[in-house]
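J.: One structure follows; several queries about it will come next.
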Amino acid sequence: MASRTVLPEPDDLKRRLLTLAALDMILCPEEWLRYHTFVPNWTPNVSLAKIDNGAGDCLFVLFALEGVILKGFDHESELSPHAQDEYAVWPGIYDGAPEALLAFLEDEALEKEDVTFCIWRETGDSQWRTGEVRMPKGADDGSDFLLGTICETPENYVDWAEGYFDMPILVEPVKALYAAPAISVEAIRSLNPERNVEEVLPELEALGITVTDRGRLS
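Each number in my numbering corresponds to the 1-based position in the sequence shown with 28 added.
What follows is the structure, given as structure tokens:
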């Protein structure tokens, strides 16, 4: 197995992915168009984050008692099973991954065989790990691209989201949500004046986001 250091600690990763999903909820009423989504109780004791650019590239991140596993798929990667003479997962991608974490990928919705990279971290481990994958010279597994969409800072998110959603976005309410899982009605309106606030509140609260001034709805 190889170690991987580009990712934050599991709790920080989970918090960031939840924040990105909450921001996308506010900026985009249409769930199917959102880039980042998060399901806190996908199954008992398991949370699922998803990044989907709508163009065939996708990242699933599962948080469980056993640890965390990420499965990424870049449809243009030379490692894609669709790019092989015979459809198959590229050798080494899942080698060494704990069975308890791999088992979560057996769910049909997660398309286990559509993969170009996999990263995991067992509970109690101090490092992120990958299989020993031999990539052809010049090949790209898509991990830099897909992991790069887990925006590290509020400024990173604003830069990305203004291009993706084609709208101006204030950085201050984004900073506040990055700092704590709470948001005000006023901040929701400042982020997206056209958003139906009453519609988005249940979605945000389902994520565990506290809405601090519900009284402003009246």
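Don't be surprised by glycine CBs; every beta carbon is placed ideally from N, CA and C. Note that this is a predicted model, so its numbers are computed, not measured.
Do three or more CB pairs link the stretch 110-118 to the stretch 63-73 at distances below 8 Å?
T.: No, the stretch 110-118 is not in contact with the stretch 63-73.
J.: Near valine 223, what residues of its chain come up, given a Cβ to Cβ distance below 8 Å and the 5 sequence neighbours on each side ignored?
T.: Before going on, a small fix: residue 223 reads as arginine here, not valine. The residues are Ile54, Leu55, Pro57, Ile216 and Arg217.
J.: In its own chain, which residues sit with a C-beta less than 8 Å from the C-beta of glycine 159, not counting the 5 before and 5 after it?
T.: Within the same chain, glycine 159 has close Cβ partners Met29, Ala30, Gly120, Ile121, Tyr122, Asp123, Gly124, Ala125 and Cys146.
J.: In terms of DSSP beta bridges, what is phenylalanine 101 paired with?
T.: Per DSSP, Cys86.
J.: Can you have a look at alanine 131 and say buried or exposed, based on whether 16 or more other CB atoms are within 10 angstroms of its CB?
T.: With fewer than 16 Cβ atoms within 10 Å of its Cβ, alanine 131 is classed as exposed.
J.: Would you call the stretch 91-108 and the stretch 167-178 in contact, with 3 or more CB pairs under 8 Å?
T.: These segments touch.
J.: Give me the residue from Leu229, Ser212 and Ile97 with the minimum Cα distance to threonine 151.
T.: Looking at the Cα atoms, Ile97 is the closest of the given residues.
J.: Let me know the secondary structure DSSP gives isoleucine 54 once reduced to three states.
T.: Helix, per DSSP.
J.: Nearest to serine 212 by alpha carbon, out of Tyr185, Arg157, Arg162 and Leu51?
T.: For serine 212, the nearest C-alpha among the options comes from Leu51.
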